[in-house]
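Protein sequence lines, in the order shown, are assigned to chains U and V. Mapped onto the numbering used here, the consecutive letters of the first sequence carry residue numbers 39 to 533. Mapped onto the numbering used here, the consecutive letters of the second sequence carry residue numbers 39 to 533. Here a beta-carbon is modelled for each residue, glycine too, at the ideal position from N, C-alpha and C. Data first, discussion second: the structure below is written as structure tokens.
There are 2 protein chains.
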Amino acid sequence: MFRNEMPRYEILSEEAMETLDKGWRRIVSELGVEFALPEAVDYFEKAGQRVEGAKVFLDPEFVLEQVAKAPSEFDLQARNADNTVHIGGDHMVFAGVYGPPFVRRGDQRGDAHMEDFENFVRLGQSFPEMDSAGGTVVEPEDRPLDSRHLDMVYALQTLSDKPYMGSVISAENARDTIEMGKILFGKGSDPSVRGLTPPLDGPVSISLINCNSPLRWDDRMLSAMLEYNRANQAVVTTPFLLMGAMSPVSIPATLVQQMAEALSGIALTQLVQPGCPVVFGSFLSNTDMQSGSPSFGTPESAVGLLCTGQIARRFNLPWRSGGGLTSSQTPDAQAAYEALMTMLPTFLAGANFVMHAAGWLEGGLVSSYEKYIVDIEILRMLKHEFRPLEVHEDSLAFGAHEEVGSGGHFLGAAHTLEHFRTCFYRPLLSSTENFDRWSKNGGADAAERAGRIAQETLDDYEQPPIDDAVRDQLRDYVARRRIELGDEPIPSPSF
Amino acid sequence: MFRNEMPRYEILSEEAMETLDKGWRRIVSELGVEFALPEAVDYFEKAGQRVEGAKVFLDPEFVLEQVAKAPSEFDLQARNADNTVHIGGDHMVFAGVYGPPFVRRGDQRGDAHMEDFENFVRLGQSFPEMDSAGGTVVEPEDRPLDSRHLDMVYALQTLSDKPYMGSVISAENARDTIEMGKILFGKGSDPSVRGLTPPLDGPVSISLINCNSPLRWDDRMLSAMLEYNRANQAVVTTPFLLMGAMSPVSIPATLVQQMAEALSGIALTQLVQPGCPVVFGSFLSNTDMQSGSPSFGTPESAVGLLCTGQIARRFNLPWRSGGGLTSSQTPDAQAAYEALMTMLPTFLAGANFVMHAAGWLEGGLVSSYEKYIVDIEILRMLKHEFRPLEVHEDSLAFGAHEEVGSGGHFLGAAHTLEHFRTCFYRPLLSSTENFDRWSKNGGADAAERAGRIAQETLDDYEQPPIDDAVRDQLRDYVARRRIELGDEPIPSPSF
């Protein structure tokens with residue numbers, strides 16, 4: 039797991055922080071935040087906050103008291119203990135793209151299918167750069183809406199032995215995710231006693247709870263969140279901020295809105311279950327005011343990222359942001375510079391949980407096989423770059439200078455021969471071939487080579503072992519629940 | 039002109055700096071530095087340094103005394119005073135790619151011609167992101183080697199009214215650059231009195247003096263450098279460090295070598311002409327130890343950049359590094375992430391003079407029209423990003439939140455309507471079009487769109503006005519010198 043021991047790049051002065059601090063306090067207390075789930079409003083009302091219908095007017099000090107109950111770091115367990123990750127501190131955890139209804143492979147773009155879902159889970163499992171395959175790596179449009187979460191969780195649990203993200207469509211779906219987690223972690227021997235199985239020992243799933251920005255938490259996501267909180271499963275409360283649409287066309291205004299939304303959501307989690315694991319989420323970019331389309335990999339989003347890290351640390355919370363975001367329609371130069379324009383600040387700011395770390399294309403509408411590999415290369419480079427530089431007498435290699443002297447070369451120096459295998463970053467995708475060799479080898483650009491690497495990775499994929507009894511219980515659970523949800527039975531997958 | 043008022047990202051501890059400091063002192067005093075020009079050696083010997091043949095063993099304190107005479111910042115004049123730039127402090131000056139013998143446009147790659155040279159000067163003139171077209175924007179292979187510098191300087195002086203870089207092939211070429219500078223700046227009314235014209239008031243050219251690393255300064259470049267020093271024209275003394283070939287396979291070892299080389303070169307400039315303008319240069323990347331090829335846009339080179347900035351500031355010197363470097367053969371995803379992997383640290387480190395800021399492809403062998411536009415977009419984004427964020431009461435736009443409330447949108451809010459034209463970065467190249475519109479518009483990727491923008495820019499190019507008499511003098515000078523150098527006369531260019 040990657041620890042970022044390099045300095046954080048912080049750009050907000052103490053004075054700016056104080057101005058922002060006043061801003062969110064004013065929003066939550068004067069404008070209030072809407073919680074579209076009566077149960078959530080009840081929690082606040084019982085705790086003495088002023089309520090008008092679905093709107094809760096929050097005392098900022100009360101919010102901070104609740105927020106202080108949230109853990110500043112926690113472990114997220116994987117079924118393979120070697121893959122358990124730590125969320126918080128200087129740790130950075132990377133998960134794949136989340137949510138696209140479409141998939142792109144080469145020049146083909148179309149609806150995403152369950153087969154694609156499985157493939158992106160396999161890619162997430164295969165690359166050590168990824169700590170989690172993610173959650174909804176694509177929306178499998180060939181499966182019925184009300185039961186596809188079962189297929190997704192099953193694939194995440196069985197094709198990968200890394201941590202996974204849960205379903206957030208409804209309380210019902212969250213309960214399914216939790217029950218399947220219990221089965222996977224040996225707590226759910228009898229699927230017929232759903233809800234009565236012993237609790238999980240800690241978080242085995244992490245789930246994305248988006249705010250319906252501005253200043254509104256929706257009922258379905260909230261009801262899912264409450265289930266996760268009660269089961270001590272991690273959630274990421276995330277303001278969804280495309281400046282110009284969901285927030286004002288000002289970064290400071292958006293930052294205070296983000297604080298108001300994230301902190302109010304986090305306060306609720308701690309009312310439901312004090313000490314339950316929660317991550318300060320941020321999804322902050324801007325609208326292209328010429329086209330009206332969302333715009334990703336922008337300078338504004340990079341600045342927002344740097345500020346968000348500084349803000350989340352102030353509240354002593356682990357935080358989520360960043361990724362390889364882009365508006366580009368293909369895995370071209372734009373896709374690459376926009377992805378890195380987001381991912382490099384992600385490292386500079388030390389984000390703890392990074393969704394969309396690989397595969398994101400076309401504003402998040404598309405999961406791209408080629409872009410996945412481009413992003414893996416970017417991640418590999420940055421993980422190499424963000425290691426403290428060791429400077430000591432030995433590292434100066436004075437002997438090499440003595441050996442080579444003036445005007446010579448170091449290719450055959452003893453120091454070089456000793457270190458050449460490990461001294462530098464070795465690319466996965468990038469080519470340094472000279473033009474003649476590159477041309478003779480077919481003259482493939484990075485996107486074409488990336489497509490090949492993705493396919494080779496899928497060809498070489500090996501499913502991590504899983505206990506047959508556990509797999510059978512999961513299959514039974516999925517089959518039974520699918521029928522309960524009113525969908526036609528289908529054969530269990532072969533994996 | 040761009041000032042980088044954001045914080046510098048510094049990664050070397052004081053202890054690490056001290057270790058590096060000891061390192062370069064040991065190299066210059068124990069191993070010595072070779073100066074392959076007897077005149078240069080004489081300067082050091084007369085100043086009391088120990089000399090063995092071409093090798094000079096330097097007292098580190100003596101080096102620092104000389105270095106302290108160099109200005110920490112200076113103006114580089116342009117013939118259009120509005121384009122004069124400041125080198126040093128928090129200023130960042132951007133110049134185009136330098137040196138490629140080949141050119142690439144679309145799928146065509148071939149020898150660079152004078153026409154390409156002129157085109158890349160026109161591009162440098164056209165984009166406000168560029169402070170200088172550069173110098174050898176390509177090597178015009180269709181012109182004779184010994185007089186092509188005249189054609190290049192003439193094109194730089196007349197097609198652009200921004201500062202330019204001089205020829206460094208020989209003392210003779212440097213003298214031509216200086217004389218043509220005098221003509222351009224109204225000092226050289228009579229071309230027959232070459233060398234006797236009044237001196238320039240300050241730097242009107244900046245020239246790249248590379249070290250033949252390791253630890254060797256070559257005679258031709260040194261002789262050019264001495265001419266520039268005596269004429270108070272700026273030079274960039276640049277260790278040329280591809281780790282594994284020209285320096286050890288260790289970043290700290292390379293940093294101390296870089297200090298030894300750059301500082302010894304700078305010391306010489308100040309012996310020749312105390313107070314003459316000089317820039318601490320850095321060109322630091324690594325060899326791909328698998329292919330043996332140079333590798334650009336690497337993590338190592340990014341780390342080297344961050345360290346070099348910190349080191350140069352310690353010596354109170356303006357410094358040069360960075361650019362949009364890549365090993366990629368085409369303007370693809372690799373070209374883009376590698377370029378930004380160098381350019382973003384260039385901003386984080388606050389490089390004062392940035393060569394290769396646009397157009398670099400294929401390890402510097404190729405000037406690419408499309409890559410030029412990709413790099414311009416990257417520069418525009420970073421210049422937007424590296425502006426201090428203004429956080430004050432007004433920027434919180436509380437009124438917009440009051441207006442929109444919970445669950446609404448900001449597209450029509452008064453605050454949005456007031457600011458939408460200028461609130462966000464507006465791309466030149468990047469597309470946010472949705473898939474249908476993008477497809478209907480031809481589905482061009484970033485490289486194809488970049489090619490179109492390059493051509494449109496050239497089509498729209500307007501030559502900046504120049505005094506007819508000055509132009510005639512420059513033409514006469516070029517024509518006369520071409521014959522003196524033994525080449526056939528050719529008609530003066532139409533511009």
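Residues of the segment 354 to 384 of chain V with a C-beta atom less than 8 angstroms from some C-beta of chain U are S365, S366, Q367, T368, P369, D370, A371, Q372, A373, A374, Y375, E376, A377, L378, M379 and L382, listed in chain order. Of all residues in the segment 442 to 463 of chain U, only V442, G443, S444, G445, G446, H447, F448, L449, A451, H453, T454, H457, F458, R459, C461, F462 and Y463 place a beta-carbon less than 8 angstroms from a beta-carbon of chain V. From the beta-carbon of L301 (chain V), no residue of chain U is found nearer than 8 angstroms; the closest lies around 15 angstroms away. In the same chain as I125 (chain U), and ignoring 5 residues on each side of it, the C-beta atoms closer than 8 angstroms to its own belong to E111, F112, D113, L114, V131, I244, A272, P315, V317, P356, N390 and F391, in chain order. Within the same chain, and ignoring the five residues on either side of K107 (chain U) in sequence, the residues whose Cβ sits closer than 8 angstroms to its Cβ are Q308, P312 and G313. I521 (chain U) is classed as exposed because its beta carbon has fewer than 16 other beta carbons within 10 Å across all chains shown. By the CB criterion at 9 angstroms, T57 (chain V) and P290 (chain V) fall inside the cutoff.
A452 (chain U) counts as exposed, since fewer than 16 other beta carbons sit within 10 angstroms of its beta carbon. The beta carbons of S359 (chain U) and A377 (chain U) sit no closer together than 9 angstroms. As the crow flies, the alpha-carbon of F473 (chain V) is around 8 angstroms from that of E400 (chain U). Legend: CB atoms of the segment 58 to 75 of chain U lying less than 9 angstroms from CB atoms of chain V belong to residues L58, K60, G61, R64, I65, E68, L69, G70, V71, E72 and A74. Take the alpha-carbon of I65 (chain U) and the one of I216 (chain U): they are about 34 angstroms apart.
Check the Cα spacing between T196 (chain V) and each of V:L363, V:L96, V:D510 and V:I528: the tightest is with V:D510.
K60 (chain V): member of the alpha helix (DSSP H) spanning E52 to R64, first to last residue. Taking the Cα of T174 (chain V) as reference, the smallest distance to any Cα among V:G137, V:M152 and V:L161 is reached at V:G137. When CB distances to chain V are screened at a threshold of 7 angstroms, the residues of the segment 243 to 270 of chain U falling below it are N250, P252, L253 and R254, in chain order. Contact of G127 (chain V) with chain U is not assigned, every C-beta pair being separated by 9 angstroms or more. Taking a Cβ-Cβ threshold of 7 angstroms, none of the residues of chain U is close to A507 (chain V); the smallest such distance is about 45 angstroms.
If you ignore the 5 residues before and after P252 (chain U), its C-beta comes within less than 7 angstroms of the C-beta of M284, S285 and Q295, all in its own chain and listed in chain order. Between the alpha carbons of A209 (chain V) and F353 (chain V) lies a gap of roughly 28 angstroms. Sixteen is the threshold: since fewer than 16 other Cβ atoms of the shown chains lie within 10 Å of the Cβ of F533 (chain U), the residue is exposed. Contact between the segment 476 to 491 of chain U and the segment 145 to 158 of chain U is absent: fewer than 3 CB-CB pairs across the two stretches fall below 8 angstroms.
V:F155 is the residue among V:F155, V:P76 and V:E52 whose C-alpha sits nearest the C-alpha of G397 (chain V). Judged by DSSP in its simplified three-state form, M203 (chain V) adopts strand. Sequence-distant Cβ neighbours of F424 (chain V) in its own chain, meaning closer than 7 angstroms and more than five residues away, are N42, M44 and F385. N270 (chain V) carries a coil assignment under DSSP once its states are collapsed to helix, strand and coil. Under DSSP, the beta-bridge partners assigned to K93 (chain U) are U:E72 and U:E90. Membership of L301 (chain V) in the alpha helix (DSSP H) is indicated by the continuous run I289 to V310. By the Cβ-count criterion, R475 (chain U) is exposed, with fewer than 16 other Cβ atoms from all chains shown falling within 10 Å of its own Cβ. Close CB contacts of D128 (chain V) within its chain, under the 7 angstroms cut and outside five residues either way in sequence, are with R41, N42, E43 and G388 (chain order).
Nearest in C-alpha terms to S164 (chain U), of all of U:D505, U:S323, U:K220 and U:I414, is U:I414.
Cβ-Cβ distances below 6 angstroms link H422 (chain V) to Y463 in the same chain, with the five nearest sequence neighbours on each side left out; the list follows chain order. For H394 (chain V), there are no C-beta contacts with chain U under 7 angstroms, since the nearest C-beta of that chain is about 16 angstroms from it.
Taking C-beta atoms as the reference points, P502 (chain U) and S198 (chain U) count as a pair closer than 9 angstroms.
Residues of chain V whose Cβ lies closer than 9 angstroms to the Cβ of F473 (chain U) are, in chain order, F140, R147, Q367, E400, L403 and V404. For A92 (chain V), same chain residues with a beta-carbon under 7 angstroms away, outside a window of 5 residues either side, are E72, F73, A74 and V79 in chain order.
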